[in-house]
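For what it's worth, this note's numbering labels the leading residue of the sequence shown as 50, then goes sequentially.
Written out below as structure tokens is the structure these notes cover.
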Amino acid sequence: MRIRERYSIVIDYFSKQIPVAETELLYDNPFQLLVAVILSAQCTDKRVNLTTPAIFRQFPDPASLAATDFETLFPLIKSISYPNNKTKHLIGMAKMLMEQFNGEVPMTVDELVQLPGVGRKTANVITSVIDQQPNMAVDTHVFRVSARLGLTKNAKTPLAAEKQLVKHIPDELVHKAHHWLILHGRYTCLARTPICSKCGLQEVCNYKGEKK
């Protein structure tokens, strides 16, 4: 099967099965999404969504977060994975927003990755979700699912997978495809025990395990 046909089948399937594909993180503005995505590293969206309301109430904007200290913020996120580093990252991120970006969340990947706690994946999430830019954030779900479906080939790193995906997905669908792959990996194409009986993409799937 040619790669163009493979992508066409996958895009058509998800367009019908998940016509509305959005992040499961809860937020009201770009600043809140940035905080939530930083917290979501190595942590579930469910846990983040339980944690962020208290943070947003106490620190509704970059100025208030930049003005706080470690001892005040840490108790609010101690249930999140790696709370020490994330506490430092959030305060540092807010301070840089105030000092270099006039308190506004920038909307380019190059600018976002300057912020503490923000790597390429986080920057791609922010720009694709907020601004619908054709940037593909490759997390563990996207990396796994895209390989199993044959959308990527011999991609050894998230960046390599990202480049292959954006090459073949139409620009106007990249921001949505990111969520398609995440949701499919989160609820159907699980890492250890994929629920193949729920999947309508077996014709393009390279998964070598047992399909029931």
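Here a beta-carbon is modelled for each residue, glycine too, at the ideal position from N, C-alpha and C.
Of the listed residues the options, nearest to residue i (C-alpha basis)
i, options, result
"valine 223", "Val97, Ile87, Glu71", "Glu71"
"leucine 214", "Pro68, Met185, Arg197", "Met185"
"threonine 93", "Leu232, Lys202, Cys248, Asp61", "Leu232"
"lysine 170", "Cys248, Thr117, Leu208, Arg241", "Leu208"
"alanine 226", "Asn173, Pro109, Ile87", "Asn173"
"methionine 147", "Lys127, Phe80, Thr121, Pro111", "Pro111"
"lysine 144", "Arg197, Val97, Phe80", "Phe80"
"glutamate 221", "Ser64, Glu54, Ala115, Met50", "Ser64"
Helix, strand or coil at residue i according to DSSP, with G and I counted as helix
i, result
"glutamine 181", "coil"
"phenylalanine 63", "helix"
"alanine 226", "helix"
"isoleucine 244", "coil"
"threonine 71", "According to the sequence shown, residue 71 is glutamate rather than threonine. In this structure, glutamate 71 counts as coil in the three-state DSSP scheme."
"phenylalanine 192", "helix"
"leucine 82", "helix"
"serine 128", "coil"
"asparagine 255", "coil"
"glycine 234", "helix"
"glutamate 153", "coil"
"aspartate 220", "helix"
"alanine 172", "helix"
"threonine 267", "The displayed coordinates of the chain run from 50 to 261. Any statement about residue 267 would go beyond what the structure contains."
Classification of residue i by the beta-carbon crowding that lies within 10 angstroms, buried from 16 upward
i, result
"tyrosine 236", "exposed"
"valine 191", "buried"
"leucine 125", "buried"
"phenylalanine 105", "buried"
"proline 102", "exposed"
"valine 69", "exposed"
Contact set for residue i: own chain, Cβ-Cβ below 6 Å, skip 5 residues either direction
i, result
"valine 187", "Pro207, Ala210, Glu211"
"asparagine 203", "none"
"leucine 164", "Met142, Met145"
8 Å Cβ shell around residue i - same chain, five flanking residues per side excluded
i, result
"threonine 176", "Met156, Thr157, Val158, Leu161, Gln182, Asn184"
"tyrosine 56", "Leu200, His217, Ile218"
"isoleucine 87", "Lys135, His138, Leu139, Met142, Gly166, Val167, Thr171"
"phenylalanine 119", "Thr136, Lys137, Ile140"
Host alpha helix (DSSP H) of residue i (start-end)
i, result
"alanine 103", "94–107"
"glycine 141", "132–149"
"proline 207", "207–217"
"serine 113", "111–115"
"glutamate 160", "158–161"
Contacting residues, own chain, Cβ-Cβ under 7 Å from residue i (five flanking each side not counted)
i, result
"leucine 240", "A quick correction: the sequence has alanine, not leucine, at residue 240. Only Arg193 meet the Cβ criterion."
"tyrosine 131", "Gln91"
"lysine 247", "Thr237"
"threonine 117", "Phe108, Ile140"
"leucine 82", "Leu74, Tyr76, Ile175, Val178, Ile179"
"valine 59", "Leu198, Leu200, Leu250, Val253"
"alanine 196", "Ala204"
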